[in-house]
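Residue numbers (my numbering): 11 to 427. Think of the CB as a built atom: it goes at the ideal place given N, C-alpha and C, for glycine as much as any other residue. This structure is a prediction, so every number in the text was calculated from the model and none was measured. To start, the structure under review is shown below, and the notes come after it.
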(Lines of atoms letter the chains of each structure in order from A and count residues from 1; the text may use other names and numbers.)
(Lines give C-alpha, C1' and ligand atoms only; values in the text may rest on other atoms or scores of the structure.)
Protein backbone atom coordinates (compact mmCIF):
# COMPACT_ATOMS: atom_id res chain seq x y z
CA UNK A 1 0.00 0.00 0.00
CA UNK A 2 2.74 2.34 0.93
CA UNK A 3 4.48 1.50 -2.32
CA UNK A 4 1.41 2.66 -4.33
CA UNK A 5 1.22 5.85 -2.32
CA UNK A 6 4.90 6.55 -2.90
CA UNK A 7 4.51 6.00 -6.63
CA UNK A 8 1.50 8.30 -6.75
CA UNK A 9 3.37 10.98 -4.85
CA UNK A 10 6.30 10.75 -7.26
CA UNK A 11 3.88 11.20 -10.21
CA UNK A 12 2.43 14.34 -8.57
CA UNK A 13 5.89 15.82 -8.13
CA UNK A 14 6.72 15.12 -11.79
CA UNK A 15 3.48 16.85 -12.89
CA UNK A 16 4.22 19.87 -10.73
CA UNK A 17 7.71 20.12 -12.18
CA UNK A 18 6.34 19.91 -15.74
CA UNK A 19 3.81 22.65 -15.04
CA UNK A 20 6.46 24.99 -13.64
CA UNK A 21 9.32 24.30 -16.04
CA UNK A 22 7.53 22.96 -19.08
CA UNK A 23 9.13 19.59 -18.56
CA UNK A 24 12.58 21.07 -18.53
CA UNK A 25 14.95 21.59 -15.71
CA UNK A 26 14.72 25.18 -14.40
CA UNK A 27 17.34 27.52 -15.76
CA UNK A 28 19.28 29.36 -13.16
CA UNK A 29 19.74 33.10 -14.01
CA UNK A 30 23.27 34.11 -14.78
CA UNK A 31 24.62 37.25 -13.14
CA UNK A 32 25.95 39.73 -15.70
CA UNK A 33 29.04 41.69 -14.89
CA UNK A 34 28.89 45.45 -15.80
CA UNK A 35 31.74 46.60 -18.01
CA UNK A 36 34.23 48.92 -16.31
CA UNK A 37 33.57 52.68 -16.71
CA UNK A 38 35.83 54.45 -19.15
CA UNK A 39 36.35 57.58 -17.06
CA UNK A 40 38.17 59.40 -19.84
CA UNK A 41 35.20 59.07 -22.20
CA UNK A 42 32.79 59.98 -19.39
CA UNK A 43 34.69 63.17 -18.51
CA UNK A 44 35.03 64.06 -22.19
CA UNK A 45 31.24 63.73 -22.68
CA UNK A 46 30.53 65.93 -19.66
CA UNK A 47 33.02 68.54 -20.89
CA UNK A 48 31.41 68.53 -24.35
CA UNK A 49 27.97 69.10 -22.83
CA UNK A 50 29.28 71.99 -20.72
CA UNK A 51 30.96 73.56 -23.75
CA UNK A 52 27.72 73.30 -25.77
CA UNK A 53 25.78 74.91 -22.91
CA UNK A 54 28.32 77.72 -22.60
CA UNK A 55 28.26 78.27 -26.36
CA UNK A 56 24.45 78.54 -26.37
CA UNK A 57 24.55 80.94 -23.43
CA UNK A 58 27.20 83.13 -25.05
CA UNK A 59 25.34 83.09 -28.37
CA UNK A 60 22.13 84.45 -26.87
CA UNK A 61 23.93 86.70 -24.38
CA UNK A 62 26.13 88.46 -26.94
CA UNK A 63 24.07 88.04 -30.08
CA UNK A 64 23.55 91.16 -32.15
CA UNK A 65 21.10 91.84 -34.98
CA UNK A 66 22.14 93.35 -38.30
CA UNK A 67 18.69 93.89 -39.75
CA UNK A 68 15.02 93.02 -39.52
CA UNK A 69 12.31 91.04 -41.28
CA UNK A 70 9.10 92.83 -42.25
CA UNK A 71 6.15 90.74 -41.07
CA UNK A 72 3.49 92.97 -42.65
CA UNK A 73 2.84 96.51 -43.79
CA UNK A 74 -0.26 98.70 -44.13
CA UNK A 75 -0.54 102.05 -45.84
CA UNK A 76 -1.58 104.74 -43.32
CA UNK A 77 -0.93 108.47 -43.35
CA UNK A 78 0.17 109.85 -39.98
CA UNK A 79 0.59 113.46 -38.94
CA UNK A 80 0.05 116.04 -36.23
CA UNK A 81 -3.65 115.20 -35.86
CA UNK A 82 -3.29 111.41 -36.15
CA UNK A 83 -2.33 109.22 -33.20
CA UNK A 84 -1.45 105.55 -32.93
CA UNK A 85 -1.42 103.47 -29.74
CA UNK A 86 -0.90 99.85 -28.81
CA UNK A 87 -4.16 98.14 -27.85
CA UNK A 88 -4.61 94.47 -26.91
CA UNK A 89 -2.13 92.67 -29.19
CA UNK A 90 -2.56 95.09 -32.11
CA UNK A 91 -2.59 98.82 -32.79
CA UNK A 92 -5.31 101.48 -32.67
CA UNK A 93 -5.13 104.22 -35.30
CA UNK A 94 -7.14 107.41 -34.66
CA UNK A 95 -7.50 110.13 -37.31
CA UNK A 96 -9.84 113.09 -37.60
CA UNK A 97 -12.51 111.11 -39.44
CA UNK A 98 -12.42 107.84 -37.51
CA UNK A 99 -10.57 105.09 -35.70
CA UNK A 100 -9.30 101.73 -37.00
CA UNK A 101 -8.08 98.73 -35.03
CA UNK A 102 -5.59 96.34 -36.63
CA UNK A 103 -4.79 93.00 -35.01
CA UNK A 104 -1.33 91.48 -34.61
CA UNK A 105 -1.48 90.11 -38.17
CA UNK A 106 -2.17 93.50 -39.70
CA UNK A 107 -5.81 92.64 -40.43
CA UNK A 108 -8.44 95.34 -39.94
CA UNK A 109 -10.75 94.20 -37.13
CA UNK A 110 -13.07 97.21 -37.02
CA UNK A 111 -13.41 100.88 -37.92
CA UNK A 112 -15.45 103.61 -36.24
CA UNK A 113 -16.42 106.84 -38.02
CA UNK A 114 -16.46 110.15 -36.13
CA UNK A 115 -15.40 113.77 -36.53
CA UNK A 116 -12.71 115.10 -34.16
CA UNK A 117 -10.26 117.97 -34.55
CA UNK A 118 -7.51 116.63 -32.25
CA UNK A 119 -8.13 112.95 -31.38
CA UNK A 120 -6.29 111.48 -28.40
CA UNK A 121 -6.06 107.84 -27.29
CA UNK A 122 -5.85 106.33 -23.81
CA UNK A 123 -5.70 102.52 -23.84
CA UNK A 124 -5.36 99.75 -21.28
CA UNK A 125 -5.66 95.98 -21.48
CA UNK A 126 -9.44 95.92 -21.91
CA UNK A 127 -10.67 99.29 -23.16
CA UNK A 128 -9.57 102.27 -25.21
CA UNK A 129 -10.81 105.85 -25.01
CA UNK A 130 -10.67 108.19 -28.01
CA UNK A 131 -11.51 111.80 -27.17
CA UNK A 132 -11.33 115.16 -28.89
CA UNK A 133 -8.85 117.43 -27.09
CA UNK A 134 -10.53 120.81 -26.50
CA UNK A 135 -13.63 119.30 -28.08
CA UNK A 136 -16.63 117.55 -26.54
CA UNK A 137 -16.88 114.13 -28.24
CA UNK A 138 -15.51 110.80 -27.07
CA UNK A 139 -15.67 107.12 -28.02
CA UNK A 140 -15.22 104.03 -25.84
CA UNK A 141 -13.95 100.87 -27.56
CA UNK A 142 -13.12 97.28 -26.71
CA UNK A 143 -11.61 94.45 -28.72
CA UNK A 144 -14.90 93.94 -30.59
CA UNK A 145 -15.42 97.59 -31.53
CA UNK A 146 -17.40 100.53 -30.19
CA UNK A 147 -18.74 100.06 -26.67
CA UNK A 148 -20.19 103.53 -26.22
CA UNK A 149 -19.91 107.20 -27.07
CA UNK A 150 -20.84 110.52 -25.56
CA UNK A 151 -20.66 114.28 -25.63
CA UNK A 152 -19.52 116.42 -22.73
CA UNK A 153 -21.01 119.72 -21.64
CA UNK A 154 -17.67 121.55 -21.74
CA UNK A 155 -14.34 121.19 -23.60
CA UNK A 156 -12.21 118.18 -22.64
CA UNK A 157 -8.67 118.84 -21.44
CA UNK A 158 -7.81 115.35 -20.10
CA UNK A 159 -9.27 111.87 -20.27
CA UNK A 160 -8.56 108.49 -18.72
CA UNK A 161 -10.24 105.07 -18.67
CA UNK A 162 -10.12 102.25 -16.12
CA UNK A 163 -9.70 98.54 -16.73
CA UNK A 164 -13.46 98.24 -16.18
CA UNK A 165 -14.29 100.83 -18.85
CA UNK A 166 -15.12 103.69 -16.49
CA UNK A 167 -14.17 107.01 -18.11
CA UNK A 168 -12.99 110.13 -16.27
CA UNK A 169 -12.84 113.50 -18.02
CA UNK A 170 -11.44 116.85 -16.98
CA UNK A 171 -13.71 119.58 -18.37
CA UNK A 172 -12.74 123.20 -18.36
CA UNK A 173 -14.47 126.53 -17.85
CA UNK A 174 -13.07 129.95 -16.97
CA UNK A 175 -13.05 129.76 -13.18
CA UNK A 176 -13.01 126.02 -12.46
CA UNK A 177 -12.38 122.54 -13.76
CA UNK A 178 -14.95 119.76 -13.58
CA UNK A 179 -13.94 116.12 -13.17
CA UNK A 180 -16.79 113.99 -14.53
CA UNK A 181 -17.40 110.24 -14.66
CA UNK A 182 -19.02 108.24 -17.48
CA UNK A 183 -20.08 104.62 -17.87
CA UNK A 184 -18.55 102.44 -20.57
CA UNK A 185 -21.66 102.96 -22.70
CA UNK A 186 -21.00 106.71 -22.63
CA UNK A 187 -23.75 107.69 -20.21
CA UNK A 188 -22.81 110.23 -17.56
CA UNK A 189 -22.64 109.09 -13.95
CA UNK A 190 -23.86 111.22 -11.08
CA UNK A 191 -20.28 111.81 -9.93
CA UNK A 192 -18.68 115.22 -10.34
CA UNK A 193 -15.89 117.15 -8.70
CA UNK A 194 -15.85 120.89 -9.14
CA UNK A 195 -12.29 122.13 -8.66
CA UNK A 196 -12.21 125.95 -8.53
CA UNK A 197 -8.92 127.36 -9.78
CA UNK A 198 -8.78 129.62 -6.72
CA UNK A 199 -8.96 126.58 -4.37
CA UNK A 200 -7.39 123.58 -6.07
CA UNK A 201 -5.50 125.13 -8.96
CA UNK A 202 -5.24 123.74 -12.46
CA UNK A 203 -5.33 119.93 -12.93
CA UNK A 204 -2.15 118.96 -14.81
CA UNK A 205 -2.88 115.25 -15.05
CA UNK A 206 -5.32 112.60 -13.85
CA UNK A 207 -5.17 108.83 -13.37
CA UNK A 208 -8.11 106.55 -12.60
CA UNK A 209 -7.53 103.35 -10.60
CA UNK A 210 -7.99 99.97 -12.35
CA UNK A 211 -11.39 99.43 -10.69
CA UNK A 212 -12.51 102.97 -11.47
CA UNK A 213 -13.27 103.90 -7.86
CA UNK A 214 -10.31 106.17 -7.17
CA UNK A 215 -8.83 109.15 -8.93
CA UNK A 216 -5.35 110.64 -8.64
CA UNK A 217 -4.93 114.28 -9.69
CA UNK A 218 -1.94 116.60 -9.75
CA UNK A 219 -2.93 120.26 -9.31
CA UNK A 220 -0.75 123.22 -10.21
CA UNK A 221 -1.48 126.45 -8.33
CA UNK A 222 0.13 129.85 -7.93
CA UNK A 223 0.84 131.60 -4.65
CA UNK A 224 1.03 135.37 -4.42
CA UNK A 225 3.45 137.29 -2.24
CA UNK A 226 1.21 136.66 0.78
CA UNK A 227 1.23 132.89 0.29
CA UNK A 228 -2.33 132.70 -1.03
CA UNK A 229 -3.52 130.97 -4.17
CA UNK A 230 -3.79 133.66 -6.83
CA UNK A 231 -4.70 132.71 -10.39
CA UNK A 232 -4.80 136.28 -11.66
CA UNK A 233 -1.31 137.44 -10.70
CA UNK A 234 2.09 136.01 -11.47
CA UNK A 235 3.57 134.29 -8.43
CA UNK A 236 5.31 131.10 -7.33
CA UNK A 237 4.03 127.90 -8.94
CA UNK A 238 3.36 124.94 -6.66
CA UNK A 239 2.03 121.41 -7.06
CA UNK A 240 -0.04 119.06 -4.92
CA UNK A 241 -1.29 115.52 -5.51
CA UNK A 242 -4.80 114.64 -4.36
CA UNK A 243 -6.52 111.24 -4.19
CA UNK A 244 -10.31 111.03 -4.48
CA UNK A 245 -12.47 107.99 -3.74
CA UNK A 246 -16.02 107.55 -5.00
CA UNK A 247 -16.87 104.55 -2.82
CA UNK A 248 -15.47 104.82 0.71
CA UNK A 249 -14.93 108.57 0.24
CA UNK A 250 -18.64 109.38 0.03
CA UNK A 251 -18.76 110.64 3.60
CA UNK A 252 -15.55 112.67 3.38
CA UNK A 253 -15.32 116.34 2.36
CA UNK A 254 -14.98 116.50 -1.43
CA UNK A 255 -14.36 112.71 -1.37
CA UNK A 256 -10.65 113.34 -0.64
CA UNK A 257 -8.83 110.36 0.93
CA UNK A 258 -5.29 111.69 0.58
CA UNK A 259 -3.53 114.96 -0.22
CA UNK A 260 0.19 115.56 -0.55
CA UNK A 261 1.37 119.14 -0.74
CA UNK A 262 5.04 118.66 0.08
CA UNK A 263 5.88 118.88 -3.64
CA UNK A 264 5.55 122.62 -3.12
CA UNK A 265 8.60 122.55 -0.83
CA UNK A 266 10.86 121.55 -3.71
CA UNK A 267 9.04 123.61 -6.38
CA UNK A 268 8.26 120.38 -8.19
CA UNK A 269 5.76 120.35 -11.05
CA UNK A 270 3.94 117.02 -11.62
CA UNK A 271 2.90 116.62 -15.27
CA UNK A 272 2.36 112.84 -15.04
CA UNK A 273 0.49 110.68 -12.53
CA UNK A 274 -0.32 107.03 -13.03
CA UNK A 275 -1.81 103.98 -11.31
CA UNK A 276 0.67 101.22 -12.08
CA UNK A 277 -1.59 98.61 -10.47
CA UNK A 278 -4.39 98.43 -7.94
CA UNK A 279 -1.90 98.86 -5.08
CA UNK A 280 0.73 101.14 -6.62
CA UNK A 281 0.66 104.68 -8.01
CA UNK A 282 3.42 107.05 -9.08
CA UNK A 283 3.75 110.81 -9.46
CA UNK A 284 6.43 111.94 -11.91
CA UNK A 285 7.70 115.48 -11.61
CA UNK A 286 10.43 117.52 -13.24
CA UNK A 287 12.90 116.82 -10.42
CA UNK A 288 11.24 114.18 -8.28
CA UNK A 289 9.42 110.83 -8.48
CA UNK A 290 7.14 109.67 -5.67
CA UNK A 291 5.79 106.14 -5.22
CA UNK A 292 2.49 105.64 -3.38
CA UNK A 293 1.02 102.57 -1.71
CA UNK A 294 -2.71 102.37 -2.51
CA UNK A 295 -3.22 98.80 -1.30
CA UNK A 296 -4.79 99.94 1.98
CA UNK A 297 -6.42 102.97 0.39
CA UNK A 298 -9.71 102.19 2.10
CA UNK A 299 -7.89 103.35 5.22
CA UNK A 300 -5.19 105.67 3.92
CA UNK A 301 -2.86 106.48 1.05
CA UNK A 302 0.81 106.30 2.04
CA UNK A 303 4.07 107.25 0.37
CA UNK A 304 6.61 104.52 -0.22
CA UNK A 305 9.60 106.53 -1.37
CA UNK A 306 10.77 109.78 -2.95
CA UNK A 307 13.49 109.87 -5.59
CA UNK A 308 14.94 113.36 -5.84
CA UNK A 309 16.96 114.62 -8.80
CA UNK A 310 18.33 118.05 -8.00
CA UNK A 311 19.68 118.60 -11.50
CA UNK A 312 16.38 117.54 -13.03
CA UNK A 313 15.42 114.68 -15.33
CA UNK A 314 15.75 114.60 -19.10
CA UNK A 315 13.35 111.71 -19.73
CA UNK A 316 11.19 109.26 -17.79
CA UNK A 317 9.50 106.11 -19.11
CA UNK A 318 7.95 103.13 -17.37
CA UNK A 319 5.98 99.90 -17.60
CA UNK A 320 4.17 97.81 -14.98
CA UNK A 321 7.40 96.74 -13.27
CA UNK A 322 10.08 99.37 -13.75
CA UNK A 323 10.70 103.05 -14.30
CA UNK A 324 13.63 104.47 -16.24
CA UNK A 325 15.10 107.90 -15.50
CA UNK A 326 17.60 109.61 -17.80
CA UNK A 327 19.67 112.36 -16.22
CA UNK A 328 22.66 114.40 -17.28
CA UNK A 329 25.83 113.96 -15.27
CA UNK A 330 28.62 116.32 -16.30
CA UNK A 331 29.12 115.70 -20.03
CA UNK A 332 27.19 112.43 -20.33
CA UNK A 333 23.67 111.07 -20.10
CA UNK A 334 22.87 108.25 -17.72
CA UNK A 335 19.88 105.90 -17.55
CA UNK A 336 19.00 104.51 -14.12
CA UNK A 337 16.31 101.83 -13.87
CA UNK A 338 14.27 101.49 -10.67
CA UNK A 339 11.66 99.04 -9.46
CA UNK A 340 8.20 100.29 -8.62
CA UNK A 341 9.27 100.30 -4.97
CA UNK A 342 11.97 102.87 -5.77
CA UNK A 343 14.91 100.46 -5.59
CA UNK A 344 17.74 100.78 -8.09
CA UNK A 345 17.87 97.84 -10.50
CA UNK A 346 20.44 98.87 -13.13
CA UNK A 347 22.23 101.78 -14.77
CA UNK A 348 23.91 102.51 -18.09
CA UNK A 349 25.35 105.36 -20.14
CA UNK A 350 23.20 106.70 -22.98
CA UNK A 351 25.14 107.61 -26.11
CA UNK A 352 22.37 107.26 -28.69
CA UNK A 353 20.75 110.58 -29.69
CA UNK A 354 17.20 109.63 -28.83
CA UNK A 355 13.88 111.46 -28.69
CA UNK A 356 11.81 108.70 -27.07
CA UNK A 357 12.45 105.48 -25.17
CA UNK A 358 10.52 102.53 -23.77
CA UNK A 359 11.00 99.12 -22.14
CA UNK A 360 10.50 95.75 -23.76
CA UNK A 361 11.33 93.04 -21.25
CA UNK A 362 14.96 93.45 -20.16
CA UNK A 363 15.76 95.69 -23.12
CA UNK A 364 15.43 99.43 -23.71
CA UNK A 365 14.46 100.82 -27.11
CA UNK A 366 15.63 104.33 -28.02
CA UNK A 367 14.54 106.07 -31.20
CA UNK A 368 14.50 109.38 -33.04
CA UNK A 369 12.89 110.32 -36.35
CA UNK A 370 15.44 108.43 -38.47
CA UNK A 371 16.68 105.37 -36.55
CA UNK A 372 16.40 103.31 -33.39
CA UNK A 373 18.68 101.40 -31.03
CA UNK A 374 17.82 98.34 -28.94
CA UNK A 375 20.03 97.91 -25.89
CA UNK A 376 20.20 95.66 -22.86
CA UNK A 377 19.85 97.04 -19.33
CA UNK A 378 23.66 97.02 -19.15
CA UNK A 379 24.04 99.15 -22.26
CA UNK A 380 25.06 96.52 -24.81
CA UNK A 381 23.63 97.39 -28.24
CA UNK A 382 21.65 94.58 -29.85
CA UNK A 383 20.51 96.53 -32.90
CA UNK A 384 20.86 99.98 -34.40
CA UNK A 385 19.42 101.02 -37.73
CA UNK A 386 16.95 103.10 -39.70
CA UNK A 387 13.80 102.53 -41.71
CA UNK A 388 12.37 103.59 -45.05
CA UNK A 389 10.70 106.80 -43.90
CA UNK A 390 10.38 109.24 -41.03
CA UNK A 391 9.70 107.51 -37.73
CA UNK A 392 6.63 108.87 -35.96
CA UNK A 393 6.55 106.28 -33.20
CA UNK A 394 7.74 102.78 -32.30
CA UNK A 395 5.58 100.48 -30.18
CA UNK A 396 6.51 97.20 -28.49
CA UNK A 397 4.62 93.95 -29.06
CA UNK A 398 4.15 90.95 -26.79
CA UNK A 399 6.87 89.10 -28.75
CA UNK A 400 10.50 89.76 -27.92
CA UNK A 401 12.51 91.69 -30.58
CA UNK A 402 9.28 92.47 -32.48
CA UNK A 403 7.94 96.01 -32.92
CA UNK A 404 5.36 98.18 -34.65
CA UNK A 405 7.10 100.94 -36.63
CA UNK A 406 4.86 103.95 -37.28
CA UNK A 407 6.23 105.88 -40.26
CA UNK A 408 4.83 108.98 -41.95
CA UNK A 409 3.01 106.98 -44.65
CA UNK A 410 2.75 103.41 -43.35
CA UNK A 411 2.80 101.08 -40.37
CA UNK A 412 5.16 98.10 -40.30
CA UNK A 413 5.52 95.14 -37.99
CA UNK A 414 9.12 93.96 -37.92
CA UNK A 415 11.23 91.31 -36.19
CA UNK A 416 14.96 91.69 -35.65
CA UNK A 417 17.21 89.15 -37.32
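Which one or two residues does DSSP pair with residue i in a beta bridge?
{"i": "residue 333", "result": "328, 348"}
{"i": "residue 249", "result": "230"}
{"i": "residue 384", "result": "375, 393"}
{"i": "residue 111", "result": "102, 120"}
{"i": "residue 430", "result": "Past the edges of the chain, shown from 11 to 427, lies residue 430, and the structure says nothing about it."}
{"i": "residue 370", "result": "373"}
{"i": "residue 339", "result": "342"}
{"i": "residue 133", "result": "138"}
{"i": "residue 404", "result": "415"}
{"i": "residue 212", "result": "230"}
{"i": "residue 364", "result": "DSSP, once it has assigned bridges, lists no residue as partnering residue 364."}
{"i": "residue 285", "result": "291"}
{"i": "residue 127", "result": "Paired residues: none, contrary to the question."}
{"i": "residue 160", "result": "148"}
Thinking residue i and residue j are a contact (beta carbons under 8 Å), I'd like their distance in whole angstroms, please.
{"i": "residue 104", "j": "residue 84", "result": "Contact doesn't hold; Cβ gap of about 15 Å is too wide."}
{"i": "residue 226", "j": "residue 253", "result": "6 Å"}
{"i": "residue 78", "j": "residue 417", "result": "With 8 Å as the limit, residue 78 and residue 417 do not qualify as a contact, their Cβ atoms being about 13 Å apart."}
{"i": "residue 220", "j": "residue 172", "result": "6 Å"}
{"i": "residue 223", "j": "residue 153", "result": "Contact flag wrong, Cβ pair sits at about 24 Å."}
{"i": "residue 345", "j": "residue 374", "result": "7 Å"}
{"i": "residue 168", "j": "residue 180", "result": "4 Å"}
{"i": "residue 302", "j": "residue 311", "result": "6 Å"}
{"i": "residue 218", "j": "residue 251", "result": "Their Cβ separation, rounded to whole angstroms, is 14 Å, which puts residue 218 and residue 251 out of contact at 8 Å."}
Just how far apart, CA to CA, sit residue i and residue j?
{"i": "residue 266", "j": "residue 326", "result": "28 Å"}
{"i": "residue 186", "j": "residue 196", "result": "23 Å"}
{"i": "residue 110", "j": "residue 102", "result": "6 Å"}
{"i": "residue 121", "j": "residue 155", "result": "7 Å"}
{"i": "residue 392", "j": "residue 385", "result": "5 Å"}
{"i": "residue 164", "j": "residue 88", "result": "28 Å"}
{"i": "residue 209", "j": "residue 232", "result": "10 Å"}
{"i": "residue 81", "j": "residue 49", "result": "51 Å"}
{"i": "residue 352", "j": "residue 336", "result": "15 Å"}
{"i": "residue 139", "j": "residue 150", "result": "5 Å"}
{"i": "residue 410", "j": "residue 371", "result": "7 Å"}
{"i": "residue 287", "j": "residue 342", "result": "33 Å"}
{"i": "residue 390", "j": "residue 382", "result": "14 Å"}
{"i": "residue 285", "j": "residue 92", "result": "26 Å"}
{"i": "residue 316", "j": "residue 333", "result": "13 Å"}
{"i": "residue 75", "j": "residue 397", "result": "15 Å"}
{"i": "residue 56", "j": "residue 95", "result": "50 Å"}
{"i": "residue 58", "j": "residue 51", "result": "10 Å"}
{"i": "residue 419", "j": "residue 318", "result": "41 Å"}
{"i": "residue 7", "j": "residue 160", "result": "Here the chain comprises residues numbered 11 to 427, so residue 7 is not present and cannot be evaluated."}
{"i": "residue 298", "j": "residue 367", "result": "19 Å"}
{"i": "residue 279", "j": "residue 321", "result": "14 Å"}
{"i": "residue 228", "j": "residue 281", "result": "7 Å"}
{"i": "residue 192", "j": "residue 202", "result": "10 Å"}
May I ask you to report which of helix, strand or coil DSSP gives residue i?
{"i": "residue 47", "result": "coil"}
{"i": "residue 179", "result": "strand"}
{"i": "residue 358", "result": "strand"}
{"i": "residue 105", "result": "strand"}
{"i": "residue 149", "result": "strand"}
{"i": "residue 273", "result": "helix"}
{"i": "residue 423", "result": "strand"}
{"i": "residue 280", "result": "coil"}
{"i": "residue 265", "result": "helix"}
{"i": "residue 428", "result": "Summary: the structure shown does not reach residue 428, with the chain confined to residues 11 through 427, and so no result is reported for it."}
{"i": "residue 61", "result": "helix"}
In the DSSP assignment, find the unbroken beta strand (DSSP E) run with residue i in it and report its ends.
{"i": "residue 300", "result": "298 to 303"}
{"i": "residue 417", "result": "412 to 417"}
{"i": "residue 78", "result": "78 to 85"}
{"i": "residue 220", "result": "From DSSP, residue 220 is part of no beta strand (DSSP E); its letter is neither H nor E."}
{"i": "residue 318", "result": "312 to 318"}
{"i": "residue 96", "result": "93 to 97"}
{"i": "residue 202", "result": "198 to 206"}
{"i": "residue 167", "result": "166 to 171"}
{"i": "residue 190", "result": "186 to 192"}
{"i": "residue 408", "result": "Note, residue 408: premise wrong, no beta strand (DSSP E); not H, not E."}
{"i": "residue 290", "result": "290 to 294"}
Between residue i and chain C, is there a C-beta pair that is closer than 8 Å?
{"i": "residue 232", "result": "Of the protein chains in the structure, only one exists, and it is not chain C."}
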